[in-house]
Amino acid sequence: MLRIAIVLLLLVTLIQAEINYIMALKSPATDETFKQVKKDVEAVGGKVNYEFKTAFKGVLVQLPNQEFTAFSSKSYVDFMEPDKSIHIA
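Written out as structure tokens, the structure is:
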């Protein structure tokens, strides 16, 4: 019985896990756009970890896993993808 409880707890934890995503914003991405993104992300329990404003307009966000689809369809989002480490040999 204890094993079942532990497995269920782990599954719930994985389902509700937060993942870092790179969210590219559509042009023109203004300061108001960045404020709206932050407001929307925080409203679902997420966090904006970094704002990209030079090379491209976007944010690095930490979101609950189940929020990916909802945010992908926001009017200010160009595209979203999971943040990954890249290694150069």
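All letters in the sequence shown, in the order written, are residues -17 to -1, 1 to 72 by mature numbering (1 follows the signal peptide of the UniProt record, and there is no 0). Beta carbons are placed, not taken as given, at the ideal position from N, Cα and C, and that holds for glycine.
Query	Result
Please check the pair K9 and D66, which I expect to be a contact at CB under 8 Å, by giving their CB distance rounded to whole angstroms.	Incorrect: roughly 19 Å between the Cβ atoms, too far for contact.
Taking the beta strand (DSSP E) that D61 falls in, what are its first and last residues?	60 to 65
Using CA atoms only, rank isn't needed, just tell me which of E64, E1, D14 is closest to T37.	D14
Could you check if K30 is buried or exposed, using at least 16 other CB atoms within 10 Å of its CB as the buried criterion?	exposed
With 16 other CB atoms within 10 Å as the buried threshold, where does V27 fall?	exposed
Between I2 and N48, which are expected to be in contact by the criterion C-beta below 8 Å, what is the C-beta distance as a whole number of angstroms?	6 Å
Flag this pair as yes or no: are the beta carbons of V20 and L46 separated by less than 8 Å?	no
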